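Taking it in order: structure first as structure tokens, then the write-up.
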Amino acid sequence: MGILAGLFLLLMALLFLVALAKTATSYLAIRRPPITCPACGKNTHVFGRRSTCSRCGARLVRLPDGSWAEKEKP
1 MGILAGLFLL LMALLFLVAL AKTATSYLAI RRPPITCPAC GKNTHVFGRR
51 STCSRCGARL VRLPDGSWAE KEKP
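Residue numbers (our numbering): 1 to 74.
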């Protein structure tokens, strides 16, 4: 019975950590202003140097000057 209680507490701790991580990443995404997607022209949030437009699915890359461009397909 004690093993089951320990496993249950471990599961709850892991779920708490996952929820905390998801909350932190969504908070960081909200704090950043949206950019205009160069492919579709609509506002979208980006998460890093490489991102995907949430509206049209275009792959975006950040240029050295700070602007964004659609990634060229090989």
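We put the beta carbon where it would ideally sit given N, CA and C, even for glycine.
The structure displayed is predicted, hence computed values, not measured ones.
Between which two residues does the beta strand (DSSP E) carrying residue i extend?
| i | result |
| --- | --- |
| Ala-69 | 68 to 70 |
May I have the straight-line CA-CA distance separating residue i from residue j, to the nearest angstrom?
| i | j | result |
| --- | --- | --- |
| Ala-69 | Ala-21 | 29 Å |
| Pro-64 | Cys-56 | 23 Å |
| Met-1 | Ala-13 | 19 Å |
| Lys-73 | Ala-5 | 52 Å |
| Leu-60 | Ala-24 | 23 Å |
Going by the DSSP bridge assignment, what does residue i pair with across the sheet?
| i | result |
| --- | --- |
| Ala-51 | The sequence shown places Ser at residue 51, rather than the Ala named in the question. Looking at the DSSP assignment, Ser-51 forms a beta bridge with Leu-60. |
| Ile-35 | Thr-44 |
Let me know the secondary structure DSSP gives residue i once reduced to three states.
| i | result |
| --- | --- |
| Met-12 | helix |
| Lys-22 | helix |
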